[in-house]
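Worksheet: one structure, shown below.
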Amino acid sequence: MVINYNDEDKSIKIKDGMRTTYLVLKIVMIMNILIAIMYLVKLGFNQLGVLGYSYMALGIASGIFLYYLQFKKSTKEIVSLNEIDRFREKSFFGKSIFSLELKNGKVRDLTNMKSKSDIKELKDFFSKIGLNPIKDY
């Protein structure tokens, strides 16, 4: 992951490939929903059985996950400083996970922190521009 700060327009440019990853996830979720609908229409709702209920659960879970990706996660590559609400650090099973909470309610994940030096660089970078991490546990 590469993060650059543009001092002219006070924005951060993040290159980490999240846009492509989320696009693939969205396509897979849409395909899951379509396959579940086609199976349930072909089978008919009055003779579902175990497989029919499994497809129904898959379609519902895919719909919920697709909603989450579309409306709660952000893949913006250029984020202005005035769009950032806070810089968040979360601990998950002893591993630090960093993200930017945006003012529109979405969260921009900062992934690919492989070593402690990467984490220190990230914290130093954001403290230079005036965003100190808020720890959530």
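For the record, in the sequence shown the residue sitting at position 10 is 616 according to this note's numbering, with numbers rising by one throughout.
We put the CB at the ideal spot given by N, CA and C, even for glycine.
How far does the beta strand (DSSP E) with residue i in it extend, from its first residue to its last?
i	result
residue 612	608–612
How about residue i and residue j: do their beta carbons lie closer than 9 Å?
i	j	result
residue 705	residue 716	yes
residue 735	residue 694	no
residue 646	residue 665	yes
residue 685	residue 617	yes
residue 731	residue 641	no
residue 632	residue 683	no
residue 611	residue 681	no
residue 696	residue 742	yes
residue 718	residue 607	yes
Can you name the start and end residues of the alpha helix (DSSP H) that residue i belongs to?
i	result
residue 725	722–734
- request: Identify every run of the beta strand (DSSP E) within the stretch 665–719, keeping only runs that are complete inside it and at least 3 residues long; order them along the chain.
  value: 684–686, 690–698, 701–708, 713–716
- prompt: What residue ranges within the stretch 616–643 form continuous beta strand (DSSP E) runs of no fewer than 3 residues, ordered along the chain?
  reply: 617–621
- request: Mind the definition here: the stretch 649–660 touches the stretch 671–688 only if three or more C-beta pairs lie below 8 Å; say whether that holds.
  value: In this structure the stretch 649–660 does not touch the stretch 671–688; the number of beta carbon pairs closer than 8 Å is below three.
- prompt: Okay, do the stretch 708–722 and the stretch 680–693 touch, 3+ Cβ pairs below 8 Å being the bar?
  reply: Contact holds: three or more Cβ-Cβ distances are below 8 Å.
query: Does the stretch 634–648 touch the stretch 724–743, meaning 3 or more C-beta pairs lie closer than 8 Å?
result: no
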